Amino acid sequence: MSDSLTLAFPTLAGLEDVLAAEVRELGAEDVEVGRRVVTARGTMETVYRANLELRTALRVLINIDSFTVNNEQELYDRLRANNWRKYLLPEGTLIVDVVDPGRWFRNTHFIAQLTKDAVVDQFRDKYGTRPGVDKDAPDLRIHLRITGRGETLLSVDSSGDGLHRRGYRRRTGEAPINEVLAAGLLQMAGYTGDQVLVDPMCGSGTFLVEAATLATRRPPGLLREFGFQRWPDFDLPAYSAVRQAALDRIRPAPYPILGSDIDGLAVAVTRATVERAKVDGCVELRQAAFGELAPPSVRNDPDVARLIVTNPPYEMRMETGDIEGFYREIGDTLKSNWAGYTAWLISANPAAVKSVGLRSSRKIPVMNGPVEARFVKYELYRGSKD
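At position 139 of the sequence shown (counting the first as 1) the number is 139 in the UniProt record's numbering, and the numbers step up by one without a gap.
Printed below as a string of structure tokens:
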């Protein structure tokens, strides 16, 4: 557990700095920010904690070799020389992901096949049997990145399924926001759990669940398993200690988390989602249009900071009606009913955002899946009509 490892944490574009702060919080060393990735050094305990606790990482990769080769035979020989028995049983299964093979070798599919052959040939020669391939639930996921003239980085994926798969989401409404993106946006908005949080157009409830796990300090990975749990050297007592330490940090949510939607089905889906996530005790749900929604009362601390974070419909999700008029109503409601709040909207419709009619203090470019969007901040000062 104490051996130093080189780790890579892929993430979504725009969330690199948020993720770097999370990685530092784990105690990792030499943290560096790259393009859609954060790298660091840590131990297997760091790997266990990162999978369980990171909110804005897509995966946790362990870099196990880096080298330069001049041809495909050299690549095969180097891959075959690695100790794969540490990560895979002879009767296990694997899959290979290749990133950026460039023009130095053949296509991605060929390099993935070559890598698979190098691994299974090693097992066949040593043990007389060879692992199989499983595209859906492999015991080992291998990552190979080739750049430049044969410069190669070989990694194993300790996460298995992507870390956005928290285990709480089943049915969703239209255009559900990615869990990793939702967690990142909440942190970009300054949400720590020590504020009131409202999502008045909650859809399937992703913002609410991610906010509730942040507020309660509940690790996002508690409901799922990870790839490293299938590895031959998996240290169950060490992982159990990491998991228990995370459980011991859970606290009650100190301030209200309120979600609502005009659509009763969306509210029902959200209710089921928060129950699966085991945060239903700290999330209040209402069925209401935004214009009819009353802010939650906070008797114990009337001066606490208050946030709205929401993903309102934009043009591709609204087949009928006046989308710019709808956003104008959002602005009117914010101005009339939510003084003292700071509101953050994510939208991919710039014209609709302009119709809000309020002065924004920040516009952060983000990618919501394949769609370029803006995360827009409005400060609703008490008594202000601007």
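Yeah, the Cβ is synthetic: ideal placement off N, Cα and C, and Gly gets one too. In this text the structure is predicted, and so the values were computed from the model without any measurement.
Check                                                                                                  : Outcome
Pair within 8 angstroms by beta-carbon distance, S260 and P200                                         : yes
Whole-angstrom distance between P10 and E16, CA atom to CA atom                                        : 9 angstroms
Coil, strand or helix - M316 by DSSP                                                                   : Since pLDDT at M316 reaches only 47, below the 50 mark, its modelled position is unreliable, and no value is offered.
Start-to-end residues for the alpha helix (DSSP H) that takes in G259                                  : Unbroken run through G259 is the beta strand (DSSP E), I257 to D261; no alpha helix (DSSP H).
Distance between D263 and S360 (C-alpha atoms, nearest Å)                                              : 28 angstroms
Proximal residues to P90 (C-beta, below 6 angstroms), its chain only, five neighbours per side dropped : F123, Y127 and T129
Coil, strand or helix - R166 by DSSP                                                                   : coil
7 angstroms CB neighbourhood of V283 in its chain, flanking five on each side removed                  : L208, A212, I257, G259 and V274
DSSP bridge partner residues for E29 (one or two, in chain order)                                      : R41
Y239 (DSSP reduced to helix, strand or coil)                                                           : helix
Backbone CA spacing between P295 and D332 [nearest angstrom]                                           : 15 angstroms
First and last residue of the uninterrupted alpha helix (DSSP H) at N337                               : I323 to N337
Own chain residues within Cβ distance below 6 angstroms of N311, not counting five before or after     : I177 and I346
Residue environment, V133, which counts as buried when at least 16 other CB atoms sit within 10 Å      : exposed
Candidates L88, P365 and D121, of which the one nearest P138 by Cα                                     : L88
Exposure of V269, with buried meaning 16 or more beta-carbon neighbours within 10 Å                    : buried
For I308 and Y314, believed in contact at Cβ under 8 angstroms, the rounded distance                   : That pair is no contact at about 17 angstroms.
Environment of M316 [buried if 16+ CB atoms lie within 10 Å]                                           : For M316, the predicted structure reports a pLDDT of 47, less than 50, and the residue's modelled location is therefore unreliable. A value from the coordinates is still provided. Burial call: exposed.
Length of the line joining the Cα atoms of M318 and E329                                               : In this prediction, M318 scores a pLDDT of 49, lower than 50, which makes its location untrustworthy; the coordinate-derived value is nonetheless stated afterwards. For M318 and E329, the distance between alpha carbons rounds to 15 angstroms.
For L293, the residue or residues it bridges with in DSSP                                              : Answer is none; L293 lacks a bridge partner.
DSSP three-state assignment for L54, whether helix, strand or coil                                     : coil
N- and C-terminal bounds of the alpha helix (DSSP H) containing D121                                   : T108 to Y127
Separation of D125 from R80, as counted between CA atoms                                               : 11 angstroms
Stretch pair the region 150-161 + the region 219-231: three plus CB contacts closer than 8 angstroms   : yes
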